[in-house]
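The block underneath contains the structure these notes are about, expressed in structure tokens.
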Amino acid sequence: MGAQCVAGDVTDRESMRAGMTGADIVVHNAAWYELGVRQNARKLMHAINVTGTDNVLSLALELGIPRAVYVSSTLYYGDTGPEARDETYRRQKPYRFYYEQTKAEAHEIARQYEQRGLPLIFICPAHVVGPNDHSVFGYFLRTYLNRLMVPYAFSPDMMISPVHVNDVGEGITLAAEKGRSGETYLLAGDPMSLREVFEIWMTKPGGFKVRFYIPRWLAWVMFAPLEPVQRLVGLPAFISGESVEASSVSLNFSSAKAQRELGWTYRPAKEMWLGIIDQEFKLLASRQKRDLVSRLKPVETTE
0 MGAQCVAGDV TDRESMRAGM TGADIVVHNA AWYELGVRQN ARKLMHAINV TGTDNVLSLA
60 LELGIPRAVY VSSTLYYGDT GPEARDETYR RQKPYRFYYE QTKAEAHEIA RQYEQRGLPL
120 IFICPAHVVG PNDHSVFGYF LRTYLNRLMV PYAFSPDMMI SPVHVNDVGE GITLAAEKGR
180 SGETYLLAGD PMSLREVFEI WMTKPGGFKV RFYIPRWLAW VMFAPLEPVQ RLVGLPAFIS
240 GESVEASSVS LNFSSAKAQR ELGWTYRPAK EMWLGIIDQE FKLLASRQKR DLVSRLKPVE
300 TTE
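Following numbering that gives the first Met the number 0, the numbering of the sequence shown begins with 0 at its first residue and continues without gaps.
Below is the structure:
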């Protein structure tokens, strides 16, 4: 699928007009992801994730774009409990962290534009992971590979359905080509607990292996004071009260509809994680002589 790259800012509606005018399809995938975001930065996250969605989709409707894809998140649905849920599931519990709230609010805005006539397809990826990952999973994995992991963790029974970033990219392409307007497609991988994630990681050399799990309340007490320290040294607060809150719910989803209707496939969990770790080792080797903060961060690229 060919695409043209143009400059634009989702917080500035008019900056996108020239690039979107005459487009055959618009894919809205812009968002700011971070857990442990500062209170004074929440306004910017809302402007990007919520107002930005309003700007993109309102302009798409105004310009008469014939086809659009909105990349949302399974966070829209919230806690699933241990069972795998599909597109018919509805949120049962309140938001636990701010990024989750902004993605849910943006999804509702997108639904309104679809109801007003925008031919919109919804894509909801689960936990997106991959090499050079900027998510909490990426930072914790690099903490382990840099031999800094402590021998304990928390929330071992939290269920997730992580999916490789390249498989998500393929799913978005398939949705753009084959998806039905007004339909939602979940992109989720194999269901697994956090305990199972750590067990796969620890088949590779790294820090301490997880020997025991502490209560979430204790993890929160230990993590929350570390947020300003991480920001001070130039890291996002991946060790934070919000990351503990995020682990208090399960996000277990089924991608059966996307597989059936779009022909989408995903790589198995163990194969996925071991491949990511091998690629992270290669990236780590390229910056071995750098300071610790640089080794924990994703490698900056121009792509």
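No residue lacks a Cβ here, since even glycine has one placed at the ideal position from N, Cα and C. Computed from a predicted structure; not experimentally measured.
Okay, do the segment 223–233 and the segment 166–186 touch, 3+ Cβ pairs below 8 Å being the bar?
-> The count of Cβ pairs closer than 8 Å, one atom from the segment 223–233 and one from the segment 166–186, stays below three, leaving the stretches out of contact.
So which of Pro214, Phe197 and Tyr212 has the shortest CA-CA distance to Gly206?
-> Distances from the CA of Gly206 to each of Pro214, Phe197 and Tyr212 were compared; the closest alpha carbon is that of Phe197.
Look at Ala109 and Thr50 and say whether their C-beta atoms are less than 8 Å apart.
-> In this structure, the beta-carbon distance from Ala109 to Thr50 does not fall below 8 Å.
Alpha carbon to alpha carbon, what distance is there between Leu117 and Trp216?
-> When only Cα atoms are considered, Trp216 and Leu117 end up about 45 Å apart.
Length of the line joining the Cα atoms of Tyr94 and Glu241 | Tyr94 and Glu241 have their C-alpha atoms spaced approximately 11 Å apart.
Go through the segment 225–267 residue by residue and report every complete run of the alpha helix (DSSP H) that reaches 4 residues or more, in order.
-> Correct list: 226–231, 240–245 and 255–261.
Which runs of the beta strand (DSSP E), 3 residues or longer, sit entirely within the segment 54–131?
-> Within the segment 54–131, the complete beta strand (DSSP E) runs of at least 3 residues are 67–70 and 119–124.
If we call anything under 8 Å between Cβ atoms a contact, is Ala125 one with Leu250?
-> Yes.
Please state whether DSSP places Asp166 in a helix, a strand or coil.
-> Three-state DSSP puts Asp166 in a helix.
Out of curiosity, what's the CA-to-CA distance linking Ile159 and Arg89?
-> The straight-line gap from Cα to Cα measures roughly 17 Å.
With a Cβ-Cβ cutoff of 8 Å, do Ser253 and Asp85 count as a contact?
-> Yes, Cβ-Cβ distance for Ser253 and Asp85 is below 8 Å.
Could you pull out every unbroken alpha helix (DSSP H) segment of at least 4 residues lying fully inside the segment 0–62, listed in chain order?
-> Taking only runs of at least 4 residues, the alpha helix (DSSP H) segments lying wholly in the segment 0–62 are 16–19, 41–45 and 51–62.
Confirm the yes/no value for this check: CB of Arg37, any heavy atom of the ligand ZN, distance under 7 Å.
-> Absent from the structure shown: the ligand ZN. Ligands present: none.
From what residue to what residue does the beta strand (DSSP E) around Leu147 run?
-> That residue, Leu147, is in no beta strand (DSSP E); it is neither H nor E in DSSP.
Report yes or no: do three or more beta-carbon pairs, one from the segment 56–71 and one from the segment 271–287, lie closer than 8 Å?
-> Short answer: they don't touch.
Buried or exposed: where does Arg210 fall if 16 or more other Cβ atoms within 10 Å of its Cβ makes it buried?
-> Exposure of Arg210 is indicated by the presence of fewer than 16 other C-beta atoms within 10 angstroms of its C-beta.
Taking buried to mean at least 16 other C-beta atoms within 10 Å of its own C-beta, is Gly137 buried or exposed?
-> Gly137 comes out buried.
So, helix, strand or coil for Thr183, using DSSP?
-> In the structure shown, Thr183 sits in a strand (DSSP, three-state: E or B).
Selection from Leu185, Ala6, Gln38 and Trp31 that minimises the alpha carbon distance to Thr87 | Nearest of Leu185, Ala6, Gln38 and Trp31 to Thr87, Cα basis: Leu185.
How should Gln229 be labelled, buried or exposed, when 16 other C-beta atoms within 10 angstroms of its C-beta is the threshold for buried?
-> If you draw a 10 Å sphere on the C-beta of Gln229, you find 16 or more other C-beta atoms in it, and that means buried.
Would you kindly check if the distance between the Cβ of Ala218 and the Cβ of Val243 is under 8 Å?
-> Judged by beta-carbon spacing, Ala218 lies within the 8 Å limit of Val243, meaning their Cβ atoms are closer than that value.
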